[in-house]
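Asker: Submitted below is the structure of interest, expressed as structure tokens.
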Amino acid sequence: MEIRYRRKHFAGVLGLSESQLSEVDRRLNSGREQEPPEFYTPGDLSAYRRALGRHPTPQPLRRQLFLNFKGGTGKTSLSVAYAYRLAEMGHRVLLLDLDSQGHATQHLGIDGEACELTLHDVLAHKVPIAEAAVSTSLAEFDLVPANLGMSTIDMALMPMAGREYKLRKALEPVSDRYEFVVMDAPPSFGLLNLNALMAADDLLVPVLPDFLSFHGLKLLFETVAELEEDLGHTMRRIHIILNQYSPTTRIAREARRALEDHYPEFLTQTIVRQSTKFAQASSEGVPICVFAPGRKGAEDVDSLIAEVLSGSSEGAKERIS
Ligand SMILES: Nc1ncnc2c1ncn2[C@@H]1O[C@H](COP(=O)(O)OP(=O)(O)O)[C@@H](O)[C@H]1O
Ligand SMILES: [Mg+2]
């Protein structure tokens, strides 16, 4: 589905009232009186932002990896929502789809199998990452897509010298082009994810409120500790994000308490509530902030962004309990 913004939503994203938006409409249409458009595109968003000069304060590059070795914890849902929303706010964002299943790519309405270049070409054949990146209708947002061709990447990396550092190196030439490089990892434990970890400043770990997820965190923290010891790479920030939370089940409440007890310094204030909008948005190929703006899924992603950017997100917990 094409990404479209209703007028009121579009004005809101730009921080304008609807009548202020009408003025900008007229200005951009060189004064001609016209019916105000009912819908706007992501391309309009970029153009209006430029015309208004309303850009957020540029951030130094942060490379952020959504990772959990377990599948189905929300890596793709949250990384796509997070990355698109940052770009919608006016930040320059590159999303890397690292999973050969190409879910992040599909989630954005792009057919991965039709994409000629993926990270496989970048990591295994030294194709510049800028060539593999596809631009989207939102000028601030680029994607390096994935498809099944990615599935042999670990084997391709295996015999290479410096095989853990390929992604980090590949990102260097574009480091001043983006403020955020957001990576959606596959749920596997191999060279590609090792590359992703070595290329990341921040680790964002979505977990489900159950005890399997809780135990899986131990493996993740061991891996991060080994990375520090053996390869000298230290994560700047680690955020554990409780996802798909519903306070109505006892197991969820208990798992949340266990996380609060064991990982208080990593657990985000933001809890992403269970919301069917995530699945609906992904099946429509539309980011959740466009599919269901102002609803709880989109709201929680906003709160996550605010917290990760500033280190605080007061009130997030109150909404849940
Ligand atoms: N907060 C949420 N509430 C309800 N469903 C969710 C939520 N987050 C993710 N999901 C759903 O859970 C499933 C797995 O999510 P996904 O993002 O694909 O996980 P992963 O990338 O970790 O495998 C998908 O069907 C997705 O729509
Ligand atoms: Mg995924």
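Okay, so the sequence shown: first residue is 10 according to our numbering, each after it adds one. Built from N, CA and C at the ideal position, the CB exists for glycine as well.
Could you tell me the distance, in whole angstroms, from the CA atom of Q283 to the CA atom of T257?
Answerer: Against the sequence shown, residue 283 aligns to sequence position 274. Against the sequence shown, residue 257 aligns to sequence position 248. When rounded, the distance between both Cα atoms is 11 Å.
Asker: Would you decide whether H134 is buried or exposed? Buried here means 16 or more other CB atoms lie within 10 Å of its CB.
Answerer: The residue given as residue 134 occupies position 125 in the sequence shown. So H134 ends up on the exposed side.
Asker: Exposed or buried, which one is F198 when buried takes at least 16 other CB atoms within 10 Å?
Answerer: Counting from one through the sequence shown, the residue named residue 198 turns up at place 189. The Cβ neighbour count for F198, taken over all protein chains shown within 10 Å, is under 16; the residue is labelled exposed.
Asker: Any chance the CB of K305 is under 7 Å from a heavy atom of ligand 2?
Answerer: Within the sequence shown, numbered from 1, the residue matching residue 305 stands at position 296. No; taking the cut-off as 7 Å, the Cβ of K305 has no heavy atom of ligand 2 nearer than that.
Asker: May I ask you to check if the CB of K84 is nearer than 7 Å to at least one heavy atom of ligand 2?
Answerer: The sequence position of residue 84 within the sequence shown is 75, counting from 1. Because some heavy atom of ligand 2 lies under 7 Å away, the Cβ of K84 counts as near it: yes.
Asker: Give the DSSP-derived three-state secondary structure of N202 in the structure shown.
Answerer: Start at 1 with the first residue of the sequence shown, and residue 202 comes out as number 193. Three-state result, N202: helix.
Asker: Counting pairs of beta carbons, one from the segment 182 to 198 and one from the segment 70 to 79, are three or more of them closer than 8 Å?
Answerer: yes
Asker: Looking at the unbroken beta strand (DSSP E) that takes in P215, where does it start and where does it end?
Answerer: Here residue 215 is taken as the residue at index 206 of the sequence shown, counted from 1. 211 to 216 is the extent of the beta strand (DSSP E) around P215.
Asker: Can you tell me whether D108 sits near ligand 2, meaning its C-beta is under 7 Å from at least one heavy atom of the ligand?
Answerer: Here residue 108 corresponds to residue number 99 of the sequence shown, with the count starting at 1. Flag set: Cβ of D108 near ligand 2.
Asker: Could you tell me if E274 is buried or exposed, where buried requires 16 or more neighbouring beta carbons within 10 angstroms of its beta carbon?
Answerer: What you label residue 274 is simply residue 265 of the sequence shown in a count that begins at 1. With fewer than 16 other Cβ atoms within 10 Å, it is exposed.
Asker: Let's test the definition: count the other Cβ atoms within 10 Å of the Cβ of E149 and tell me whether it reaches 16, buried, or not, exposed.
Answerer: Taking the sequence shown and counting its residues from 1, the one referred to as residue 149 is at position 140. Its Cβ being crowded by 16 or more others within 10 Å, E149 is buried.
Asker: Report the option in E231, K175, E11 whose CA atom is closest to the CA atom of L147.
Answerer: Residue 147 sits at position 138 when you count from the first residue of the sequence shown. Looking at the Cα atoms, E11 is the closest of the given residues.
Asker: By the 10 Å Cβ neighbour count, where 16 or more other Cβ atoms means buried, how is E97 classified, buried or exposed?
Answerer: Locating residue 97 in the sequence shown gives position 88, counting from the first residue. Looking at its Cβ environment, which holds 16 or more other Cβ atoms inside 10 Å, E97 is buried.
Asker: Do R245 and D336 come within 8 Å of each other at the CB atom, strictly closer than that value?
Answerer: Here the chain has residues from 10 to 330 only, and residue 336 is not among them.
Asker: Go ahead and pull the three-state DSSP assignment for S144.
Answerer: Taking the first residue of the sequence shown as 1, we reach residue 144 at position 135. Look at S144 here: in three-state DSSP terms it is strand.
Asker: By the 10 Å Cβ neighbour count, where 16 or more other Cβ atoms means buried, how is M192 classified, buried or exposed?
Answerer: For the purposes of this step, residue 192 is taken as the residue at position 183 of the sequence shown. Classification of M192: buried, given that the 10 Å Cβ count is 16 or more.
Asker: V153 bridges to which residues according to DSSP?
Answerer: Taking the sequence shown and counting its residues from 1, one reaches residue 153 at position 144. Under DSSP, V153 shares a beta bridge with L105.
Asker: At 3 residues or longer, what runs of the beta strand (DSSP E) sit wholly inside the segment 52 to 82?
Answerer: 71 to 75
Asker: What do you get for I162, buried or exposed, if any count of 16 or more other CB atoms within 10 angstroms of its CB means buried?
Answerer: Start at 1 with the first residue of the sequence shown, and residue 162 comes out as number 153. Its Cβ being crowded by 16 or more others within 10 Å, I162 is buried.
Asker: Whole angstroms are fine: how far does the CA of L74 sit from the CA of I280?
Answerer: Residue mapping note: residue 280 aligns to position 271 of the sequence shown, counting from 1. Residue mapping note: residue 74 aligns to position 65 of the sequence shown, counting from 1. In a straight line, the C-alpha of I280 is about 18 Å away from that of L74.
Asker: Look at the alpha carbon of V233 and the alpha carbon of T243, and state the distance between them as a whole number of angstroms.
Answerer: Mapped onto the sequence shown, residue 233 falls at position 224. Mapped onto the sequence shown, residue 243 falls at position 234. If you take the alpha carbons of V233 and T243, they lie about 8 Å apart.
Asker: Report the rounded CA-to-CA distance for K227 versus K305, giving the unit in angstroms.
Answerer: Taking the sequence shown and counting its residues from 1, one reaches residue 227 at position 218. Taking the sequence shown and counting its residues from 1, one reaches residue 305 at position 296. Using only the alpha carbons, I get a separation of about 30 Å.
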